[in-house]
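Input: a single structure, listed below in structure tokens.
Protein chains: 2
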Amino acid sequence: MYSSELIKGTLKTIVLNLLRDKGKMYGYEITQRVKDLTNNKIQITEGALYPTLHALTKSGELETEKQYIGKRVRKYYSLTSQGQETASQKVNELADFMNTMKFLLNLEPKLGNA
Amino acid sequence: MYSSELIKGTLKTIVLNLLRDKGKMYGYEITQRVKDLTNNKIQITEGALYPTLHALTKSGELETEKQYIGKRVRKYYSLTSQGQETASQKVNELADFMNTMKFLLNLEPKLGNA
DNA sequence: TTAAATACATAATTTTCTTATGTATTTAAT
DNA sequence: ATTAAATACATAAGAAAATTATGTATTTAA
């Protein structure tokens, strides 16, 4: 597990990127997928995820669709076209940021960062 | 400039790593060095930096030394031995985190992440 | 002589998360 | 059959870490 402060600021990007891959997902599924893909190193808490999903819906990046599995409800989220754009932007920005950080922390000898 | 949320959580690591390289630095110098090294992409604000430096000093990672340049004071910060350790830990953790993120954002095809 | 740069500092506010709490259904274990 | 764990949602209180704003003061460049 990483110290939680690192994950801050990356949650939206993670969610948008997963939805871009999978088409649609429900909240709990997202927490499990991130946990699986990262070998338990990143654990998204529900207290962080659900408000984020609601915010992304409100701002027009996501749309929802309810599905009933027996009596239990699942709320599927998928990207709107605006969400597609935002996803690309966010992922590119994070990738760029990580390159800059690697250079700054001299984890790479030089870098053609221009 | 990156959206500010990305930088969150990396400030301590940046500061500790720079001090490990340069031996000692003063606050303003740190802001300028980060700005220069990142082509203005990362701007550390003084409102974020100074409280962080104070906190790292209080927790025993940093020690200070005042120097007068004319009438103006400069407060130089350097790593204690405890700070050396923390610096290594933090940098390693961030590097590991970035690898995990790259994989999660499928910026790398597979990854020997075991 | 005035603005910009250097150099420190702190307070108010905002953002974003953690932790805690709550409800309810389904599945696995005893 | 009963209970614990997993699934699935949601929100509120509090903490952490930043931004923005403000303040002081010296030095350099315009």
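Chain order of the listed sequences is A and B. For my numbering, add 33 to where a residue sits in the first sequence, where the first one is 1. For my numbering, add 33 to where a residue sits in the second sequence, where the first one is 1. Heads up, the beta-carbon is just placed ideally off N, CA and C, and yes, glycines get one too.
Closest Cβ-Cβ distance between Tyr110(A) and chain B: below 9 Å?
Not an interface residue.
If distances are taken between C-alpha atoms only, which option among Thr46(B), Gly93(B) and Thr113(B) comes closest to Leu82(B)?
Measuring from the Cα of Leu82(B), the nearest candidate turns out to be Thr46(B).
Below 9 Å between beta carbons is the criterion; list the residues of the stretch 117-144 of chain A that meet it against any residue of chain B, in chain order.
Within the stretch 117-144 of chain A, those residues whose Cβ lies closer than 9 Å to any Cβ of chain B are, in chain order, Lys123, Val124, Glu126, Leu127, Ala128, Asp129, Phe130, Met131, Thr133, Met134, Lys135, Phe136, Leu137, Leu138, Asn139 and Leu140.
Span of the beta strand (DSSP E), counted from its first residue to its last, around Lys108(B)
Counting along the chain, the beta strand (DSSP E) containing Lys108(B) begins and ends at Arg105 to Leu112.
For Tyr83(B), which of helix, strand or coil comes out of DSSP?
The answer is helix: DSSP assigns Tyr83(B) an H, G or I state.
Closer than 9 Å, Cβ to any Cβ of chain B: which residues of the stretch 51-77 of chain A, in chain order?
Taking 9 Å as the Cβ-Cβ cut-off, the stretch 51-77 of chain A approaches chain B at Leu51, Asp54, Val67, Leu70, Thr71, Asn72, Lys74 and Ile75, given in chain order.
How would you label Val106(A), buried or exposed, when you count the other beta carbons within 10 angstroms and need 16 or more for buried?
Exposed, by the Cβ-count rule.
Checking contacts by CB at 9 Å: is Thr43(A) closer than that to chain B?
True, the Cβ-Cβ gap to chain B drops below 9 Å.
Give a yes or no on whether the C-beta atoms belonging to Leu138(B) and Leu44(A) are separated by under 9 Å.
Taking 9 Å as the cut-off, the beta carbon of Leu138(B) is found no closer than this to the beta carbon of Leu44(A).
Taking all protein chains shown into account, do 16 or more other C-beta atoms lie within 10 angstroms of the C-beta of Gly116(B), making it buried, or fewer, making it exposed?
Residue burial is scored here from C-beta neighbours: Gly116(B) has at least 16 other C-beta atoms within 10 angstroms and is therefore classed as buried.
DSSP three-state assignment for Gln76(A), whether helix, strand or coil
Residue state, collapsed to three classes: coil.
Against chain A, which members of the stretch 83-110 of chain B pass a CB distance test of less than 7 Å?
Flagged: no residues at all.
Where Leu89(A) falls: helix, strand or coil (DSSP)
Leu89(A): helix per DSSP, three-state reduction.
Inter-residue Cα distance where the pair is Leu39(B) and Met131(B):
The straight-line gap from Cα to Cα measures roughly 12 Å.
Reduced DSSP secondary structure (H/G/I, E/B, other) of Tyr61(B):
In the three-state DSSP reduction, Tyr61(B) falls in the helix class (H, G or I).
I need the boundaries of the alpha helix (DSSP H) containing Ile47(A), first residue and last residue.
It spans Leu44 to Lys55 - the alpha helix (DSSP H) in which Ile47(A) sits, taken as one unbroken run.
Could you tell me the distance, in whole angstroms, from the CA atom of Tyr101(A) to the CA atom of Gly56(A)?
Taking the straight line from one Cα to the other gives about 18 Å.
What separation, rounded to the nearest whole angstrom, lies between the Cα atoms of Thr119(B) and Glu98(A)?
Roughly 46 Å between the two C-alpha positions.
State the Cα-Cα distance for the pair Gln65(A) and Leu52(A), rounded to the nearest angstrom.
Straight-line Cα distance between these residues: approximately 14 Å.
Could you tell me which residues DSSP puts in a beta bridge with Ile102(A)?
Answer is Arg105(A).
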